[in-house]
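Participant:
Residue numbers (the numbering used here): 5 to 433.
#1: Thinking residue 98 and residue 9 are a contact (beta carbons under 8 angstroms), I'd like their distance in whole angstroms, please.
#2: Verify whether the separation of the beta carbon atoms of residue 169 and residue 289 is less than 8 angstroms.
#3: Per DSSP, which residues does residue 296 bridge with? Please list them.
#4: Output the boundary residues of the alpha helix (DSSP H) element that contains residue 229.
#5: Could you compute how far the alpha carbon of residue 206 sits from the alpha carbon of residue 150?
#6: Which residue comes first and which comes last in the alpha helix (DSSP H) that contains residue 125?
#7: Taking the continuous alpha helix (DSSP H) assigned at residue 151, which residues delimit it?
#8: Can you list, in chain order, the residues of its chain whose CB lies under 8 angstroms from that of residue 316, leaving out five sequence neighbours each side?
#9: Return the first residue and the last residue of the alpha helix (DSSP H) that residue 316 is part of.
#10: Does the distance from the C-beta atom of residue 296 to that of residue 141 stay below 8 angstroms?
#11: Which partner residues of residue 450 appear in the DSSP bridge assignment?
#12: Compute the distance between the beta-carbons of residue 33 and residue 41, then report whether it is under 8 angstroms.
#13: Among the residues of its own chain, which have a CB less than 8 angstroms from the CB of residue 475, if the five just before and after it don't count?
#14: Within this structure, are the beta carbons of residue 229 and residue 249 separated by less than 8 angstroms?
#15: Return helix, strand or coil for residue 32, following the three-state DSSP convention.
#16: Using the C-alpha atoms, what's the distance from residue 89 back to residue 326?
#17: According to DSSP, is residue 166 helix, strand or coil?
#18: With 16 other CB atoms within 10 Å as the buried threshold, where does residue 7 fall?
#19: Under the rule that 16 or more other beta-carbon atoms within 10 Å means buried, what is residue 305, buried or exposed?
#20: Go through its chain and collect everything with a Cβ distance to residue 22's Cβ below 6 angstroms, but skip five positions before and after it.
#21: Between which two residues does the beta strand (DSSP E) containing residue 275 stretch?
#22: With DSSP run on the structure shown, which of helix, strand or coil describes residue 99?
#23: Using beta-carbon positions only, say whether residue 251 and residue 313 come within less than 8 angstroms of one another.
#24: DSSP three-state label for residue 25, please.
#25: Please report how far the alpha carbon of residue 20 lies from the alpha carbon of residue 263, in whole angstroms.
#26: According to the neighbour-count rule (16 or more other Cβ atoms, all chains shown, within 10 Å of its Cβ), is residue 46 buried or exposed?
#27: Can residue 147 and residue 174 be called in contact, C-beta distance under 8 angstroms?
#28: Measure the beta-carbon distance from residue 285 to residue 298 and round it to whole angstroms, keeping in mind my assumption that it falls under 8 angstroms.
#29: Pick helix, strand or coil for residue 249, following the three-state DSSP scheme.
#30: Leaving out five residues before and five after residue 25 in sequence, what residues of the same chain have Cβ atoms less than 6 angstroms from its Cβ?
#31: Considering only the alpha carbon of each residue, which of 145, 163, 291 lies closest to residue 188?
#32: Does DSSP classify residue 93 as helix, strand or coil?
#33: Could you compute how far the alpha carbon of residue 214 sits from the alpha carbon of residue 257?
#34: Residue 94: which of 196, 113, 276 sits nearest, CA to CA?
#35: When the Cα atoms are used, what is the spatial distance from residue 85 to residue 209?
#36: Which stretch, first to last residue, makes up the alpha helix (DSSP H) that contains residue 195?
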């Protein structure tokens with residue numbers, strides 16, 4: 005299969021994206037595919053450049069300044085003008101941050117009928133916007149830390165959230181622009197720093213507890229991972245500097261908590277209209293309360309990233325995960341009926357969703373848990389079969405509702421994209 009891996013861009017997550025794209029390309033070639041790596045800003049990467057990026061990995065210090073996001077400029081000329089990249093059977097999206105992960109690129113690709121990996125326009129837009137995603141999660145009955153937007157006063161924070169608070173960009177990832185403010189004395193300086201973010205800011209109640217992450221691939225939850233960071237937050241340094249965090253897969257927790265985290269991850273995946281694969285992050289307090297921090301529509305895809313490590317715990321290799329991801333989106337047609345029927349705790353599947361199409365099937369099997377809470381292969385007729393069904397049980401029936409504010413934003417986006425389509429700004433010539 006001819007695959008173009010889209011990577012790079014000019015968001016502040018560019019370096020992480022390049023590392024993901026170059027490692028994905030190597031994995032797909034290992035599986036026998038014809039792969040081109042295409043930086044959406046500079047064009048195709050040479051073999052030497054790919055090798056250099058793989059050798060360098062992700063920078064261990066975050067970018068010092070924001071880079072203006074120019075991943076897409078309203079058209080697909082960056083693909084149309086390159087005959088090799090434009091001839092792909094499918095586009096593997098290894099982009100992170102604005103432009104590539106917020107639904108804009110997905111909308112453009114869908115408009116011209118171009119197959120691509122990951123979630124669709126709506127899912128990406130909702131997951132990237134932390135305010136909208138938190139509202140939807142809360143409305144669905146999924147606990148998420150309380151929050152305020154913008155620059156609330158110290159009095160508002162003390163009355164609503166208490167100290168400390170987490171300050172983060174409303175749209176962003178890779179643990180960039182993440183800060184813990186311990187008390188009112190630190191707040192004025194934190195406000196000044198937040199103004200450099202260039203977009204809206206979320207001020208979130210700090211939840212003390214254990215941090216967990218759950219990958220979702222093709223409607224199934226992967227083994228739970230636990231993150232033990234050296235800092236109070238799992239920030240950029242902890243994520244990418246060696247020795248700054250322990251990432252334990254599978255997490256050493258009891259089966260009941262593992263089942264609960266997987267169930268909540270699947271619910272969040274559905275609530276935010278995500279497809280194919282995602283990663284959902286949680287905090288669990290000492291008294292057992294589970295808080296969903298956020299969902300990632302295009303999680304990092306280096307071999308050491310959290311989603312590939314979760315897949316490895318499920319006995320699936322990194323190349324197999326990459327191939328599974330691209331095979332599931334081998335056709336744009338029928339995208340609408342990929343949405344699972346979510347009524348009365350039904351599992352993914354049934355007449356509303358075809359079986360995943362994969363030459364490997366490696367990650368479509370049901371993951372089953374032993375009594376210790378660690379992943380094991382269940383056998384027909386064993387007690388593990390009942391436990392495994394919890395992964396596919398989304399709990400009580402959930403009817404997806406959109407608040408008026410969200411509805412207005414989606415309508416505005418749809419009008420903008422529709423106008424762009426009608427104007428022919430990205431028509432192929």
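Yeah, the Cβ is synthetic: ideal placement off N, Cα and C, and Gly gets one too.
Facilitator: On the basis of the supplied data:
#1: Yes, residue 98 and residue 9 are in contact; Cβ-Cβ is about 5 angstroms, under 8 angstroms.
#2: Going by C-beta atoms, residue 169 is not nearer than 8 angstroms to residue 289.
#3: Per DSSP, 286.
#4: DSSP places residue 229 outside any alpha helix (DSSP H); the residue lies instead in the beta strand (DSSP E), whose first and last residues are 229-233.
#5: One alpha carbon belongs to residue 206, the other to residue 150, and they sit about 10 angstroms apart.
#6: Segment 125-132, the alpha helix (DSSP H) holding residue 125.
#7: Per DSSP, residue 151 belongs to no alpha helix (DSSP H); it is in the beta strand (DSSP E), 151-153.
#8: Within the same chain, Cβ atoms closer than 8 angstroms to the Cβ of residue 316 are found at 253, 322, the five residues on either side in sequence being excluded.
#9: Unbroken alpha helix (DSSP H) run through residue 316: 310-317.
#10: Yes, they are a contact pair.
#11: Outside the shown range of the chain (5 to 433) lies residue 450, about which nothing can therefore be said.
#12: No, Cβ-Cβ distance for residue 33 and residue 41 is not below 8 angstroms.
#13: Within the shown structure, residues of the chain are numbered from 5 to 433, placing residue 475 beyond reach of any answer.
#14: One thing to note: residue 229 has its Cβ no nearer than 8 angstroms to the Cβ of residue 249.
#15: DSSP, reduced to helix, strand and coil, places residue 32 within a helical segment of the structure shown.
#16: Rounded to whole angstroms, residue 326 to residue 89 spans 18 angstroms at the Cα level.
#17: In the structure shown, residue 166 sits in coil (DSSP, three-state: anything other than H, G, I, E or B).
#18: Around the beta carbon of residue 7, 16 or more other beta carbons sit within 10 angstroms, so the residue counts as buried.
#19: In the assembly as shown, residue 305 is a buried residue. Its beta-carbon has 16 or more other beta-carbons within 10 Å.
#20: Excluding the 5 residues flanking it on each side, residue 22 has same chain C-beta neighbours closer than 6 angstroms at 11, 12, 57, in chain order.
#21: In the DSSP assignment, residue 275 falls outside any beta strand (DSSP E) and lies within the alpha helix (DSSP H) extending over 259-275.
#22: DSSP places residue 99 in coil when its eight states are reduced to three.
#23: Less than 8 angstroms separates the beta-carbon of residue 251 from that of residue 313.
#24: The answer is helix: DSSP assigns residue 25 an H, G or I state.
#25: When rounded, the distance between both Cα atoms is 31 angstroms.
#26: Flag for residue 46 reads exposed.
#27: It is not a contact, given that the beta carbons lie outside the stated cut-off.
#28: Rounded to whole angstroms, the Cβ separation of residue 285 and residue 298 is 6 angstroms, and the two are in contact under 8 angstroms.
#29: The answer is strand: DSSP assigns residue 249 an E or B state.
#30: Result list for residue 25: 9, 11, 41, 98, in chain order.
#31: Distances from the CA of residue 188 to each of 145, 163, 291 were compared; the closest alpha carbon is that of 163.
#32: Coil.
#33: Residue 214 and residue 257: Cα-Cα distance of roughly 11 angstroms.
#34: 113 is the residue among 196, 113, 276 whose C-alpha sits nearest the C-alpha of residue 94.
#35: Straight across, the Cα-Cα distance linking residue 85 with residue 209 is about 47 angstroms.
#36: From DSSP, the alpha helix (DSSP H) with residue 195 extends over 191-198.
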